[in-house]
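Note that the protein sequences, when read in sequence, are chains B and D.
Its first residue numbered 1, the first sequence is counted upward by one per residue in this note's numbering.
Its first residue numbered 105, the second sequence is counted upward by one per residue in this note's numbering.
C-beta: ideal position from N, C-alpha, C; glycine also.
In what follows, a structure is listed as structure tokens, so that the remarks can point back to it.
Protein chains: 2
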Amino acid sequence: MQLHDTLTALADPTRRAILARLGAGEARVTDLAAPFDISLNSVSKHIRILERADLVRRRRAGREHLLSFNPQPLDAAMAWIEGQRALMTRQLNALEAALKEAKP
Amino acid sequence: MQLHDTLTALADPTRRAILARLGAGEARVTDLAAPFDISLNSVSKHIRILERADLVRRRRAGREHLLSFNPQPLDAAMAWIEGQRALMTRQLNALEAALKEAKP
DNA sequence: ATGTTATTCACCCATAGGGGTGAATAATGC
DNA sequence: GCATTATTCACCCCTATGGGTGAATAACAT
């Protein structure tokens with residue numbers, strides 16, 4: 001599922017940092033790994049999870065893999081979250097209306 | 105961390121369903137468990153994680169625990185996601201501007 | 001007092017996944 | 001061809017966590 005993969009991908013601090021870094025532009029796996037003191041391998045796995053969510057796209061240039069950030073799946077995530085919030089807002093409005101009805 | 109707890113809480117389908125259900129109003133643990141064929145205990149644990157993220161509030165009425173949905177932490181999550189998307193938009197705008205500069 | 005209902009606590013089990021290392025693959029530079 | 005560089009593949013380890021069961025706690029109902 002698209003939404004699930006997206007939220008799962010966002011639920012890890014390393015992956016969030018990677019996305020933030022990619023917000024500044026394309027980067028190689030090695031570049032992405034630099035700020036963290038975890039192995040290249042580990043970063044590579046995080047990238048795979050980000051790719052599964054289609055949040056990251058890969059472009060090979062020779063032996064380098066250039067990663068870029070695709071924000072599109074964020075729309076679905078935002079929509080879901082916004083939807084939940086809307087439910088709550090409606091509920092609160094109904095409550096408020098009921099109170100106004102009962103008070104006077 | 106607030107953001108982390110929130111995103112972690114949202115990264116599970118059962119918890120998302122629980123939130124969606126709570127969007128319709130307060131419910132007991134038993135009510136929340138009904139749609140799933142998992143044990144009450146399991147649901148109880150999910151609720152604990154939702155409470156950790158402050159997405160769910162608990163109100164005891166006698167022996168019943170009434171759970172309600174607190175959408176406030178969603179704001180921080182939305183803000184973070186929106187921020188990432190904004191980074192990307194700025195990057196794309198810069199690229200576009202550079203192209204326009206180079207073309208003619 | 002006793003039984004029933006609602007929930008959690010204290011465990012156990014299995015899997016996912018975040019971390020590591022070392023070998024394999026592939027492209028560059030010489 | 002050979003060494004170097006960039007990345008992945010194939011493993012292993014360990015913790016978090018989603019799931020379960022059975023006992024404990026707490027509040028009704030009788």
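Check: Chain B contact for D/Ala115 (CB, 8 Å cutoff); Outcome: yes
Check: Chain B within 8 Å of D/His150, Cβ atoms only; Outcome: no
Check: Span of the alpha helix (DSSP H) around D/Leu114; Outcome: 106 to 114
Check: Contact belief for D/Val147 with D/Leu159 at Cβ below 8 Å, rounded distance in angstroms; Outcome: With a Cβ gap of about 15 Å, D/Val147 and D/Leu159 do not count as contacting.
Check: Interface flag, B/His4 vs chain D, CB-CB below 8 Å; Outcome: yes
Check: Coarse secondary structure for B/Ala53, derived from DSSP in three states; Outcome: coil
Check: Cβ pair count under 8 Å reaching 3, the region 80 to 100 of chain B against the region 170 to 182 of chain D; Outcome: yes
Check: Proximity below 8 Å, CB of B/Met78 to CB of D/Ile185; Outcome: yes
Check: Exposure label - B/Thr30; buried when at least 16 CB within 10 Å; Outcome: exposed
Check: Any chain B beta carbon closer than 8 Å to D/Ala181; Outcome: yes
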